[in-house]
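Heads up: the structure comes next, in structure tokens.
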């Protein structure tokens with residue numbers, strides 16, 4: 001942890017974690033609600049390295065940190081065990097796609113490390129088998145296979161836990177739902193139709209082991225059911241009766257509805273693909289190669305298994321599944337390109353095990369940990385997958401046996417009569433996936449928050465500022481006043497930087513410079529902008545308005561957006577804020593004032609939007 005020592009000292013000097021009722025943070029401050037403020041060592045905190053000051057306001061004990069408060073907050077939460085639920089919630093509405101990605105990445109992120117690890121162990125076992133160092137009948141193989149397969153086989157249990165956390169459900173209830181899907185008796189009746197109170201339950205031929213979507217949907221349904229029972233069941237029996245009833249309702253729903261729908265969708269998809277292949281192998285390759293990873297995410301890929309197995313049984317070969325083999329290397333190629341291009345050390349370290357797993361046919365770490373959360377790399381991998389699928393279709397690549405995963409699947413594409421175009425076509429498709437994916441991603445990738453690039457940019461900015469000055473226009477119309485008049489010592493004493501205050505006469509905030517929105521707090525009361533010329537500007541609408549939770553604020557931009565000077569950033573309700581009991585006085589702060597020789601403020605008493613407000617000089 002970067003701020004581990006600071007976080008420990010803060011927790012100790014607010015009276016220990018047992019003295020903390022709740023903890024949130026805003027743009028610059030840790031906001032504690034303490035059981036007993038007299039137990040806090042305020043003077044010690046004020047003089048502590050890394051702490052700007054301490055403010056007591058609105059029933060909160062506020063430890064002012066500065067712009068890096070999210071990182072400090074994360075370490076305080078981790079060390080204190082306060083739980084991330086105490087952080088203020090974002091009111092941002094996500095699109096259906098972004099919401100889906102948020103759920104998937106949130107569910108998978110906690111298991112990503114062990115997912116990479118087991119994928120690498122599966123690959124290791126494949127190497128040992130291929131090199132004749134281990135026999136499949138040996139105990140060594142059995143143990144290594146158990147280590148590599150354990151997570152994948154019991155995936156619903158792990159995802160039951162993480163999905164429950166995401167949907168704010170009892171996590172052990174979520175695990176129980178997942179365990180029911182892979183219960184040995186249930187797994188043993190795969191492919192059969194069972195009866196539950198007279199209602200038919202169709203069990204998928206492949207069982208629910210390794211599936212993803214069924215458990216996520218099941219836990220989502222379970223979270224809604226749990227909330228209902230929490231409201232109506234008396235507290236005295238809530239501990240055991242709520243999970244009992246939740247399981248009794250949600251698990252049968254999963255077996256009766258969610259599972260059969262997924263099975264039907266899979267079978268339908270398999271039939272459609274077979275029809276496309278009979279019409280055109282090239283079109284089929286593009287279809288399957290481009291969409292295979294999406295099919296895997298939804299568990300729909302199992303619809304192709306019966307078709308493949310039947311083809312092997314009847315004719316001894318199968319042309320349908322070849323694109324699904326090559327597409328793994330399209331995903332791996334994209335991750336290789338990202339690893340080569342990125343300067344983000346954390347991302348680079350995550351790419352390496354994902355690449356290793358990908359070569360062995362295990363792409364889940366790459367999908368859920370790297371490409372899908374970033375959207376564009378995932379889309380690119382699907383496009384490259386379609387390209388390799390076309391190559392497979394052109395060569396009419398055919399499999400002659402059910403083989404291994406990744407590079408160890410190649411022997412399965414050797415014709416018993418001798419090596420033919422199937423083998424060469426598959427080899428070409430694999431190489432094309434790696435090369436095209438890597439090159440395309442290398443060209444397209446841009447680090448979202450790249451420290452090295454930021455440092456380079458800042459160096460350039462400093463060089464420019466040596467011979468220039470920057471003008472910051474007023475983001476708000478109103479009455480101008482010095483910071484010293486603000487009833488908040490953090491701003492009034494200039495601890496966050498030099499600047500000026502405005503008493504707004506109009507509820508609009510415009511961009512004071514050309515630049516990038518670096519910070520838009522979830523409650524929308526504060527905006528941080530980094531100008532193209534180097535100034536870092538904080539616009540904080542009102543005092544303690546974070547407590548409004550976003551009420552009275554309407555953002556017109558999003559964090560990360562590039563803006564032009566004069567562009568509308570935010571609208572706010574002056575009357576509503578005042579009626580809620582909060583001042584609307586708005587500081588405009590140059591948070592990196594120390595980078596400049598001087599910060600010259602306007603001498604006007606009133607100001608219009610777009611008029612000159614501040615000059616920074618070097």
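In the numbering used here, the protein residues as written are 1 to 618. Ideal placement from N, C-alpha and C gives every residue a C-beta, glycine not left out.
Spatial neighbours of residue i in its chain, beta-carbon cut-off 6 Å, leaving aside the 5 residues before and after
i, result
"residue 396", "281"
"residue 62", "29, 31, 55"
"residue 260", "202"
"residue 325", "409"
"residue 492", "483, 484, 486"
"residue 514", "532, 564, 565"
"residue 508", "571"
"residue 80", "11, 17"
"residue 141", "134"
Simplified DSSP assignment, three categories, for residue i
i, result
"residue 602", "coil"
"residue 474", "coil"
"residue 360", "coil"
"residue 449", "For residue 449, the predicted model reports a pLDDT of 40, less than 50, meaning its position is unreliable and no value from the coordinates is stated."
"residue 328", "helix"
"residue 41", "coil"
"residue 194", "strand"
"residue 612", "strand"
"residue 560", "coil"
"residue 441", "helix"
"residue 320", "coil"
"residue 584", "coil"
"residue 155", "helix"
"residue 566", "coil"
"residue 33", "strand"
"residue 287", "helix"
"residue 209", "coil"
Nearest-angstrom beta carbon gap, residue j and residue i [assumed within contact, 8 Å]
i, j, result
"residue 34", "residue 20", "6 Å"
"residue 526", "residue 540", "5 Å"
"residue 613", "residue 588", "7 Å"
"residue 225", "residue 207", "With 8 Å as the limit, residue 225 and residue 207 do not qualify as a contact, their Cβ atoms being about 24 Å apart."
"residue 150", "residue 187", "Contact flag wrong, Cβ pair sits at about 15 Å."
"residue 242", "residue 230", "6 Å"
"residue 157", "residue 179", "5 Å"
"residue 44", "residue 52", "Going by Cβ atoms, the distance from residue 44 to residue 52 rounds to 14 Å, so no, they are not a contact pair."
"residue 441", "residue 380", "6 Å"
"residue 580", "residue 538", "Contact doesn't hold; Cβ gap of about 22 Å is too wide."
"residue 121", "residue 147", "5 Å"
"residue 168", "residue 107", "About 13 Å; that fails the 8 Å criterion."
"residue 279", "residue 196", "Their Cβ separation, rounded to whole angstroms, is 40 Å, which puts residue 279 and residue 196 out of contact at 8 Å."
Cut-off 7 Å between Cβ atoms - residues of its own chain near residue i, not counting five sequence neighbours on either side
i, result
"residue 350", "369, 370"
"residue 622", "In the structure displayed, the chain extends from 1 to 618; residue 622 sits before or after that span and is not available."
"residue 471", "612, 615"
"residue 567", "510, 511"
"residue 114", "151"
Candidates the options, of which the one nearest residue i by Cα
i, options, result
"residue 125", "107, 111, 144", "144"
"residue 423", "341, 176, 391", "391"
"residue 542", "502, 38, 204", "502"
"residue 364", "580, 386, 591, 328", "328"
"residue 215", "582, 257, 181", "181"
"residue 600", "576, 499, 171", "499"
"residue 605", "517, 544, 529, 480", "480"
"residue 574", "561, 560, 554", "554"
"residue 209", "237, 160, 592, 10", "160"
"residue 608", "506, 258, 373", "506"
"residue 322", "334, 417, 407", "407"
"residue 494", "593, 445, 433, 361", "593"
"residue 46", "246, 14, 22, 23", "14"
"residue 73", "24, 164, 41", "24"
"residue 22", "77, 69, 38", "77"
"residue 387", "288, 344, 345", "288"
"residue 320", "235, 413, 382, 598", "413"
"residue 175", "222, 430, 569", "222"
"residue 617", "598, 602, 383", "598"
Contact set for residue i: own chain, Cβ-Cβ below 8 Å, skip 5 residues either direction
i, result
"residue 193", "200, 201, 202, 203"
"residue 75", "1, 2, 3, 4, 6, 7"
"residue 355", "332, 335, 336, 339, 366"
"residue 70", "25"
Contact with chain C by residue i, beta-carbon distance below 7 Å
i, result
"residue 9", "Among the protein chains of the structure shown there is no chain C, as only one such chain exists."
What ranges does the alpha helix (DSSP H) occupy inside the stretch 471 to 524, keeping only unbroken runs of at least 4 residues that lie completely in it?
Within the stretch 471 to 524, the runs of alpha helix (DSSP H) that reach at least 4 residues and sit entirely inside it are, in chain order, 489 to 492.
Alpha helix (DSSP H) runs wholly inside the stretch 234 to 264, at least 4 long, in chain order:
Segments of the alpha helix (DSSP H) lying fully in the stretch 234 to 264: 235 to 253.
Ordered list of alpha helix (DSSP H) runs contained in the stretch 375 to 439, each at least 4 residues
For the stretch 375 to 439, whole alpha helix (DSSP H) runs of length 4 or above, ordered along the chain, are 376 to 394.
Any beta strand (DSSP E) of 3 or more consecutive residues that is wholly inside the stretch 52 to 80
Segments of the beta strand (DSSP E) lying fully in the stretch 52 to 80: 53 to 57, 60 to 64.
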